[in-house]
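In the working numbering, the protein residues as written are 1 to 318.
To start, the structure itself, in structure tokens.
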């Protein structure tokens, strides 16, 4: 990665970043630029080092070697509090919410507004309502988070970071993994609004079409090493795949000349039901079958109770 000390478009530089764990080197001499007011995509296969680098930027982990520069000033963060003080927030792929607390309590956790020494819950509720309206997500601020579906909880995680007043860089680690397509489009709109305010976004995703739609600049990691970077307008998906994998090999779909209607059924599920605590159903009369030699895909968003289907099949859940 070319060094350019005079480039005012770069809000943060990471140089020669390393992270060593017992038995493995998760990051090996990685350079990374965060461009001001842009969506900076960081991409690579599982284990490439993306999340490790982002955790170092957000103060969750400390590098074994390397330096970070924010607005030209060398910085290092012992924890997320120090990173937030410098204007860095992070939306995690793994939800870090409190299921027994309300929506507004989660959004303002560790960022409480006060009147004197008293927590100002009226302000919390009003600001929560305003943030959720901006996200086009009208959830009751007093709803208990544990009662919400996973996609709704993901939006609460996103909303929580929008309350950070001094935000300069927002790291998003797989933020759309549990969102519907309409929710993704609302999130993209908010991301562009943040960009217009001068806020930089670091975006991690495995969904290549999303990257081409929302990204401005792409950086590729492979096996803990920096591989390449380029503006999104100058690349395409095959370029990304080649850089990620180190190969131009593609895997075209092969049609199999099999009459599936005549194939023997090896598994048949009829009207599978699983009751939900408090009434209703987690699984409500689900039916499907599996033919000999068939690969059956079952698809849904996080929270769509797919795992519970298999837990029923293997006898883990009655």
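Ideal placement from N, C-alpha and C gives every residue a C-beta, glycine not left out.
Subject >> Environment of residue 52 [buried if 16+ CB atoms lie within 10 Å] >> reply: Within the chain shown, the letter at position 52 stands for residue 52. Its Cβ being crowded by 16 or more others within 10 Å, residue 52 is buried.
Original post:
Going by other Cβ atoms of all chains shown within 10 Å of its Cβ, with 16 needed for buried, is residue 295 buried or exposed?
Top reply: Residue 295 sits at position 295 when you count from the first residue of the chain shown. With fewer than 16 other Cβ atoms inside 10 Å of its own Cβ, residue 295 counts as exposed.
**OP:** List the DSSP bridge partners of residue 217.
**Re:** Counted from its first residue, the chain shown places residue 217 at position 217. Note: residue 217 sits in a beta bridge opposite 40, 231.
Original post:
What residue does the beta strand (DSSP E) around residue 30 start on, and which one ends it?
Top reply: For the purposes of this step, residue 30 is taken as the residue at position 30 of the chain shown. Start and end: 24-35.
**OP:** Examine the Cβ distances between the segment 119-136 and the segment 58-71 and report whether three or more of them are shorter than 8 Å.
**Re:** Contact between the segment 119-136 and the segment 58-71 is absent: fewer than three C-beta pairs spanning the two stretches fall below 8 Å.
**OP:** Compute the Euclidean distance between the alpha carbons of residue 30 and residue 218, then round it to the nearest angstrom.
**Re:** Walking along the chain shown from the start, residue 30 turns up at place 30. Walking along the chain shown from the start, residue 218 turns up at place 218. Computed Cα separation, rounded: 14 Å.
Original post:
How big is the Cα-Cα spacing for residue 300 and residue 166?
Top reply: Sequence index remark: in the chain shown, residue 300 carries index 300 (1-based). Sequence index remark: in the chain shown, residue 166 carries index 166 (1-based). In this structure, the straight-line span from the alpha carbon of residue 300 to that of residue 166 is close to 36 Å.
Original post:
Hey, residue 283 and residue 272 are a contact pair by Cβ (cut 8 Å); roughly how many whole angstroms apart?
Top reply: Residue 283 sits at position 283 when you count from the first residue of the chain shown. Residue 272 sits at position 272 when you count from the first residue of the chain shown. Confirmed, about 5 Å.
**OP:** Identify, in the order they occur along the chain, each residue of the same chain with its Cβ nearer than 8 Å to the Cβ of residue 134, setting aside the five sequence neighbours on each side.
**Re:** Looking up residue 134 in the chain shown gives position 134. Residues of the same chain with a CB within less than 8 Å of the CB of residue 134, apart from the 5 flanking positions on each side, are 162, 190 in chain order.
**OP:** Can you tell me which of the three DSSP states residue 124 falls into?
**Re:** By one-based count along the chain shown, residue 124 stands at place 124. In this structure, residue 124 counts as helix in the three-state DSSP scheme.
**OP:** If I'm right that residue 130 touches residue 119 with Cβ under 8 Å, what's the distance once you round it to whole angstroms?
**Re:** In the chain shown, residue 130 corresponds to position 130, counting from 1. In the chain shown, residue 119 corresponds to position 119, counting from 1. Rounded, the Cβ-Cβ distance is 18 Å, inconsistent with contact.
Original post:
Identify the residues that DSSP records as bridge partners of residue 281: which are they?
Top reply: As a first step, residue 281 is located in the chain shown; it is residue number 281 there, counting from the start. Residue pairing from DSSP places residue 281 in a beta bridge opposite 275.
Subject >> Minimum C-alpha distance to residue 137 - residue among 146, 151, 144 >> reply: Taking the chain shown and counting its residues from 1, one reaches residue 137 at position 137. Selected option, being the one with the closest Cα: 151.
Subject >> CB contact flag (residue 44, residue 208, <8 Å) >> reply: Taking the first residue of the chain shown as position 1, residue 44 is located at position 44. Taking the first residue of the chain shown as position 1, residue 208 is located at position 208. No, the pair does not count as a contact, with Cβ atoms beyond the cut-off.
**OP:** Verify the CB distance criterion: does residue 112 have a CB-CB separation below 8 Å to chain C?
**Re:** In summary, chain C is missing from the structure at hand, where a single protein chain is found.
Original post:
Relative to the C-alpha of residue 204, which residue among 40, 261, 142 is closest?
Top reply: Your numbering for residue 204 matches position 204 in the chain shown. Answer by Cα proximity: 40.
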